[in-house]
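With the first letter of the sequence shown counted as 1, position 69 gets the number 69 in full-length UniProt numbering; the numbers rise by one all the way through. Backbone N, C-alpha and C fix where the C-beta goes; we use that ideal spot for every residue, glycine too. Owing to the predicted nature of the structure, the values given are computational and were not obtained by experimental measurement. Heads up, the thing below is written out as structure tokens.
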Amino acid sequence: MVGVCRERSVGKLDGFKGHITVIPGATNDREVIKKAVEGCDGVLTVLVPWGVHQYSSGTVQAVLDYARPGARLIFSCGWHITRDGQDVYSRTFILGVKAIGWIARMLRAVDIDDQVEACRRIFSSNTRWTVVRGSDLEEGESQGLPVWSRHVGDPVLASNITRRVDFALFMVAALENDELIHEAPAIVGCRTPSALAIKTGS
Ligand SMILES: NC(=O)c1ccc[n+]([C@@H]2O[C@H](COP(=O)([O-])OP(=O)(O)OC[C@H]3O[C@@H](n4cnc5c(N)ncnc54)[C@H](OP(=O)(O)O)[C@@H]3O)[C@@H](O)[C@H]2O)c1
1 MVGVCRERSV GKLDGFKGHI TVIPGATNDR EVIKKAVEGC DGVLTVLVPW
51 GVHQYSSGTV QAVLDYARPG ARLIFSCGWH ITRDGQDVYS RTFILGVKAI
101 GWIARMLRAV DIDDQVEACR RIFSSNTRWT VVRGSDLEEG ESQGLPVWSR
151 HVGDPVLASN ITRRVDFALF MVAALENDEL IHEAPAIVGC RTPSALAIKT
201 GS
């Protein structure tokens with residue numbers, strides 16, 4: 001197994017020494033990605049909109065260009081990404097995304113539009129991709145595999161919260177779930193009230 005993280009974060013992975021090869025570097029560095037994905041059957045990519053230097057789209061392009069043909073490619077992003085325009089967002093959600101985008105642009109800290117562009121490139125690629133769209137996140141022990149829907153606005157997602165560890169669990173499970181190829185599942189914790197309500201039919 002191979003992982004890429006920034007030089008300053010290498011120490012955080014000390015606990016995995018001997019189990020994974022860590023390549024220090026930025027994920028939008030094409031040479032770093034080329035080396036990291038060589039020979040891999042699956043690639044998990046966290047898309048972060050940090051900075052205003054096409055970090056997300058640069059990362060995606062490198063993964064699309066260098067992952068071996070036929071590899072399973074799993075990407076993470078948030079509910080704000082829409083694949084087919086069929087997602088239904090609450091007014092609060094839209095205002096929240098707009099506010100974050102505006103503040104971030106002022107601070108030149110985050111570029112949400114670049115995450116949108118990154119996903120556009122994934123959706124139009126002919127690779128075996130899945131884009132996992134996360135709800136709000138919280139810390140804590142795993143509750144199990146999140147439930148998902150094709151569209152935001154589905155009542156099952158109403159609780160809008162997932163444990164961070166379960167977001168990762170869903171991405172790893174997607175590697176072996178071919179039903180998720182060319183899907184952009186929006187996820188929510190399996191023990192949240194909205195997920196439980198649908199399960200019990202209440
Ligand atoms: N936070 C939420 O509430 C939320 C909600 C919905 C969806 N998501 C999605 O979940 C995923 C993870 O989000 P997150 O909030 O957990 O991300 P995060 O903690 O802010 O960052 C994730 C990784 O991005 C890298 N990173 C952090 N700052 C950076 C910078 N300035 N420049 C370059 N790389 C930087 C770090 O990697 P290194 O290991 O290299 O340091 C870090 O481990 C994303 O795809 C996001 O869209 C998050």
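- The Cβ atoms of Ile94 and Gly101 lie no closer than 7 Å to each other.
- Rounded to the nearest whole angstrom, the C-alpha separation of Thr200 and Ile161 is 19 Å.
- Trp129 carries a strand assignment under DSSP once its states are collapsed to helix, strand and coil.
- Counting the other CB atoms within 10 Å of its CB gives Thr45 a total of 16 or more, which places it among the buried residues.
- Arg163 is the residue among Cys119, His151, Arg150, Arg163 whose C-alpha sits nearest the C-alpha of Asp136.
- The beta carbon of Gln86 sits closer than 7 Å to those of His151, all from its chain and outside the five residues before and after it, given in chain order.
- For Pro193, the secondary structure class from DSSP, reduced to helix, strand or coil, is helix.
- By the 16-neighbour rule on beta-carbons within 10 angstroms, Asn28 is buried.
- Counted as a single uninterrupted DSSP element, the stretch harbouring Leu73 is not any alpha helix (DSSP H) but the beta strand (DSSP E) occupying residues 72-78.
- For Val48, the CB falls within less than 6 Å of some heavy atom of ligand 1.
- In terms of Cα proximity to Arg30, the closest of Pro185, Tyr66, Arg128 is Tyr66.
- An exposed status is given to Gly39, since fewer than 16 other beta-carbon atoms sit within 10 Å of its beta-carbon.
- Given a length threshold of 4 residues, each whole run of the alpha helix (DSSP H) inside the stretch 15-83 is given here in chain order: 30-37, 55-66.
- The closest CA to that of Val132, considering only Val48, Ala62, Ile103, Gln143, is found on Val48.
- Taking 7 Å as the cut-off, the beta carbon of Val43 is found closer than this to the beta carbon of Leu73.
- Contact annotation, Cys77 with Gly144: C-beta distance approximately 22 Å; criterion of less than 8 Å not satisfied.
- The beta carbon of Met1 sits closer than 6 Å to those of Ile20, all from its chain and outside the five residues before and after it, given in chain order.
- For Ala158 against Ser194, the beta-carbon gap comes to about 4 Å, under 8 Å, which counts as contact.
- Residue pairing by DSSP puts Trp148 in a beta bridge opposite Ile187.
- In this structure, Ile181 lies away from Arg121, with their beta-carbon atoms at least 7 Å apart.
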